[in-house]
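Counted from 1, the sequence shown has number 115 at position 22 by our numbering; the numbering is strictly sequential. Glycine included, every Cβ here is placed at the ideal spot set by N, Cα and C.
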Amino acid sequence: MNLLVLISGPIAAGKSTLAREVARQLRELGRTVALVELDTVAEMALPTLPDWDWAHSIHAGLVGAWSATPIEVVLDEGTETPAEVAQVLRAVPEGAPVLKVVLVADVERSWERAQGDPTRGLSKDRDFLTEMYERFAAGLPELERDLLLDVEATSLEERVVAVVTEAVRRLAVP
């Protein structure tokens, strides 16, 4: 059975950046990896996507589909709330091993990072981003996690090492 690495966190916290680098390093170690990014799923219907709930549903189904293959690691990025995590977990085979990674970040620093990212839309709006961070903070106590990584207190390299090390350890356990 493959390992699901589930990376959750608020908007503009670096989930995609972390997921891509973890995927790259696991592949360099010879592991087979499917990287499923919520934003990539949503882009299939942008700019006409009428409801992000649709993207979340399709995203969860895609994670579940990859989880039903012999690929070693399904690396999922894009969940933010306990409900979104639960939706993804319902789509994977029962009993599948899951490494739950949660990122936390400072809203002001995230807003600053978003300003320099040409792919960002609403997350460049300070009020919107603040509202999303408040929503994330409200759900954080309910987000189960194996690794809690503070984006402001750790470097990308440190976060990648933490996730890759734990993923490799779990892959070694029969």
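Contact check between the stretch 195 to 202 and the stretch 113 to 133: fewer than three CB pairs, one atom from each, fall below 8 Å, which does not count as touching. Contact check between the stretch 225 to 243 and the stretch 168 to 180: three or more CB pairs, one atom from each, fall below 8 Å, which counts as touching. For G171, the secondary structure class from DSSP, reduced to helix, strand or coil, is strand.
Under the rule that a run must span 3 or more residues, the beta strand (DSSP E) segments found entirely inside the stretch 127 to 194 read 166 to 172. In this structure, the CA atom of R202 is about 9 Å from the CA atom of A106. For L241, the enclosing beta strand (DSSP E) stretches over residues 240 to 243. Sequence-distant partners of Q118 (beyond 5 residues in either direction) whose C-beta falls short of 8 Å from its own C-beta, in its chain, are V253, V257.
Secondary structure at V266: coil, using DSSP grouped into helix, strand and coil. Approximately 19 Å separates the beta-carbon atoms of M225 and P143; this is outside 8 Å, ruling out the contact. Within a 10 Å sphere around the beta-carbon of A207 sit 16 or more other beta-carbons, which makes this residue buried. Between S109 and E173, the C-beta spacing is not below 7 Å.
For the 7 Å CB-CB criterion, V185 and G157 form a contact. Assignment of beta-bridge partners to L236 by DSSP yields no partner. The C-beta separation of A135 from L168 comes to about 17 Å, leaving the pair out of contact by the 8 Å criterion.
Beta-bridge pairing by DSSP links S101 to T172, V195. A direct Cα-to-Cα measurement between M94 and T141 gives close to 37 Å. The DSSP-derived three-state label of L96 is strand.
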